[in-house]
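Residue numbers (the numbering used here), protein chains in the order written: chain Y, 30 to 278; chain E, 38 to 681. Reviewing the structure listed below.
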């Protein structure tokens, strides 16, 4: 396959940035999208040009480090992470546009690399159960109905990649935040801090500059892990019941 | 030099309890006067950082990823072992201990392994309390499954994403301590060196991966939780960034490196598809509970298959060789990883491999789907099947999966004593970064157990014992050793940037990987290893004259990061080969073709090799010195491992 790549290049956070065009030939359909970029980078290096910087690590769809906004969609045309996207999803001669995540709360670091530490701060605001190591009950003393455990697991599968934010026209982080709020609100372990958690995490999300949710559902459609927007509804319920009844904030 | 493992005296079951009691304690009001550095935020690092911060120590946590949640523990699929005996099927702490010692082919310490089994039960309690959504039965209690090499069901799991859920649990505990101000996080920061003052670890040198700033950090103790070195093979199931740099630099500062040649080749990975391949993807071992491993009975049929003249499903039952079930009737497809991998290699070497490259065997779910229905199989393995389809383009519900062994885990690592302390006082190694619990072969679902055992339940006691012996005064960062170590790091970076050769970093990494895989991989020979040593030395020379690293230090420079790591892999590779050459026996993942039983199983030599091979760095270009720690077995009898 031979492809034309239009890639966002930006030297650093303050550089204005712009698109550069490259030709990738000898692309095999069995390559992953990132392997295609590896080959491009080796070619650029041999020519003495700065390779394209992008985030990636596990390359098996679970660490959430890879990003890339490909042809107007986060993680490209398939509902998967970019590292799991393979070139068989594209056709010979195609032009592919590659951009970083675009969101105020995810500033560009270089080329296609963005800073997603806002997500860490949302978790730090309350995405945990406050238990210290040791001194906890035997695991089977907390029975949890299978259906509830399964729902919690559905929410807990979020990999924190930020595709939901990149997909949203408001750059909202509601899907990410609600996945953690839901997981812990569903489980008995999360009950004690249920109200403060919802309040604090939502407040942090707003403070980071993420936008509001207008229920377009784009986040769910693009989420590589299929996190459902019912989590957003659950978080809204959690949040409203918390603000009208708690004295925490 | 005699290596003191510091295993406490007394009966096996009482060692840890006694040791905890005899460990010194730091007064609660004094804990805030001690600083601890934790490098790496995987299961071992995140759990250690959180637990130490909860106790009151000041913790600095470092990771090279953009967030601590991305450490490679996240990719562990299958599960975590614990001797809960919730299933009433005969499990116990002693049985988990015994299985781990035996599975490791009697090359691990009894005391350490028993402690691991003992604390395993507390890990599950801790994770459940954090809200980790483990799989459950309809009655609401925890579900278990059996896992490669075990005859009891002691593996706890969260679908096929157990590592993810456990790591997110530890990450949440860590995040809570960040919010409390007890942990300061340094993401996108790589450890470049350890600062050793008067023989004790007192800090580290780091590089900020965004700005390139080289900085120093002082502390009373340094914990390396930096994972394994499987990426020395270039292709492995490790994340792209997984590296040996932190451990290797510590090694060069005096920490002995133990059993470097003990690497685990995982039997169930998606086969290589071409030269562009950047990593290999694991298919969880749990698949072997229901999948049957086979190849065609004859070369002729395999040949037709490879040419695409027939499909797997066209091959009649009598023409299929379920080789693991045939050779190991009592364990069948559930034999330990080393045995499963080696046998896959044998049948492929015989010309019975099933894909274009001839390096793949089938893992077939046809019979399981017939027996249990597709729905049940989907519930158990749905995400793995989807992942397989995504990568290969083939549907494993319809066609058998193709799998082949790949480098997955490294049992070797920094030598540590019972306290997890390396040979440098104040410098600890936890999780995969140390060598201690898995001997020559790790059992499935035991890596997560060890990482969390070390971080949650061992280090809080043992590091306290060390700190209690130090004065509660700040470590002086103005000590000239800090400046010197920093300067050396800067010079190392400059040296790489100045080479300006012709070949990209990966060119060298791929070549190193091929040498290691061919000659220090699943099967090793004296001749091959000697060739490998010469090849690596030549490659190293070429690297330092011809690698091309563009850009500067003062920016995000992923090429420079990689070059820095590959430089260390080149040195480590040579040590692995030395270690494999020294060990004139076969055990676990280390298979020397010269040493095998008549039916092709690993032939141990307990008389001469029941020791830990710890290597001491003696300087640039010098052969390392071998220091032996004899292994003492007081409780288990060494036997030939048999899974027949």
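Even for Gly, the Cβ is constructed at its ideal location relative to N, Cα and C.
Fill in: Where residue 116 of chain Y falls: helix, strand or coil (DSSP)
helix
Worksheet item: Does the pairing of the stretch 50-69 of chain Y with the stretch 104-119 of chain Y give three or more beta-carbon distances under 8 Å?
Response: yes
Worksheet item: What's the C-alpha gap between residue 291 of chain Y and residue 211 of chain Y?
Response: Residue coverage of chain Y in this structure runs from 30 to 278, which leaves residue 291 of chain Y outside it and unanswerable.
Item to complete: In the DSSP assignment, find the unbroken alpha helix (DSSP H) run with residue 53 of chain E in it and report its ends.
Response: 52-59
Item to complete: Identify the continuous beta strand (DSSP E) that holds residue 223 of chain E and give its terminal residues.
Response: 220-223
Discussion item. So residue 155 of chain Y and residue 226 of chain Y are supposed to be a Cβ contact under 8 Å. How far apart are they, rounded?
Written reply: 4 Å
Item to complete: Go through its chain and collect everything with a Cβ distance to residue 143 of chain Y's Cβ below 7 Å, but skip five positions before and after it.
Response: 96, 129, 130, 135, 136, 137
Worksheet item: What residues from chain Y crowd round residue 447 of chain E, counting only those whose CB sits closer than 8 Å?
Response: None at all; the shortest Cβ gap to chain Y is about 17 Å.
Worksheet item: Which runs of the beta strand (DSSP E), 3 residues or longer, sit entirely within the stretch 146-226 of chain E?
Response: 220-223
Item to complete: Check the Cβ of residue 68 of chain Y against every Cβ in chain E and list those closer than 7 Å, keeping chain order.
Response: 313
Worksheet item: Between the C-alpha atoms of residue 263 of chain E and residue 336 of chain E, what's the straight-line distance to the nearest angstrom?
Response: 44 Å
Item to complete: Thinking residue 320 of chain E and residue 406 of chain E are a contact (beta carbons under 8 Å), I'd like their distance in whole angstroms, please.
Response: Not a contact, Cβ separation roughly 16 Å.
Worksheet item: How would you list, in chain order, the residues of chain B whose beta-carbon sits under 9 Å from the beta-carbon of residue 264 of chain Y?
Response: Structure shown: chain B not included; protein chains present are Y and E.
Discussion item. For residue 39 of chain E, count the other beta carbons within 10 Å of its own beta carbon; 16 or more makes it buried, fewer makes it exposed. Which is it?
Written reply: exposed
Worksheet entry | Buried or exposed by the 16-neighbour rule on C-beta atoms within 10 Å, applied to residue 325 of chain E | buried
Worksheet item: Nearest to residue 462 of chain E by CA position, among E/258, E/607, E/581, E/279, is which residue?
Response: E/258
Worksheet item: Is it buried or exposed for residue 350 of chain E, if we count other Cβ within 10 angstroms and need 16 for buried?
Response: exposed
Item to complete: Determine whether the Cβ of residue 31 of chain Y lies closer than 7 Å to any Cβ atom of chain E.
Response: no
Practice prompt. Report yes if the C-beta distance between residue 193 of chain Y and residue 205 of chain Y is below 7 Å; otherwise report no.
Written response: yes
Worksheet item: By DSSP, does residue 329 of chain E sit in helix, in strand, or in coil?
Response: strand
Practice prompt. Answer yes if the stretch 517-534 of chain E comes into contact with the stretch 555-569 of chain E, meaning at least three C-beta pairs across the two stretches below 8 Å, and no otherwise.
Written response: no
Discussion item. Judging by CA-CA distance, which residue of Y/234, Y/203, Y/272 is the nearest neighbour of residue 246 of chain Y?
Written reply: Y/203
Worksheet entry | Reference residue 504 of chain E; option with closest CA among E/608, E/677, E/372, E/73 | E/73
Worksheet entry | Residues within the stretch 177-210 of chain E neighbouring chain Y, beta-carbon criterion of under 9 Å | 177, 178, 179, 180, 193, 195, 196, 198, 200, 201, 202, 205, 206, 208, 209, 210
Worksheet item: Using CA coordinates, which residue listed in E/202, E/201, E/181, E/203 is at the minimum distance from residue 193 of chain E?
Response: E/181
Practice prompt. Give a yes or no on whether the minimum CB-CB distance between residue 157 of chain Y and chain E is below 7 Å.
Written response: yes
Discussion item. So, at 7 Å on beta carbons, what are the nonlocal neighbours of residue 537 of chain E in its own chain, with the 5 sequence-adjacent residues on each side left out?
Written reply: 585
Discussion item. Using C-beta distances below 7 Å, list every residue in its chain close to residue 460 of chain E, excluding the 5 sequence neighbours before and after it, in chain order.
Written reply: 291, 292, 293, 452
Fill in: Sequence-distant residues of its chain with Cβ nearer than 6 Å to residue 629 of chain E (five each side left out)
561, 623
Fill in: Residues near residue 151 of chain E in its chain [Cβ-Cβ closer than 6 Å; skip 5 each side]
49, 134
Discussion item. Can you tell me whether residue 237 of chain E is helix, strand or coil according to DSSP?
Written reply: strand
Worksheet entry | Alpha-carbon spacing of residue 61 of chain E relative to residue 46 of chain E, whole angstroms | 17 Å
Worksheet item: Quick one: which chain E residues come within Cβ less than 9 Å of residue 216 of chain Y?
Response: 168, 170
Practice prompt. Report the rounded CA-to-CA distance for residue 71 of chain E versus residue 196 of chain E, giving the unit in angstroms.
Written response: 40 Å
Practice prompt. Using alpha carbons as the reference points, say which of Y/229, Y/220, Y/190 lies closest to residue 98 of chain Y.
Written response: Y/190
Discussion item. Which of the three DSSP states is assigned to residue 197 of chain Y in this structure?
Written reply: coil
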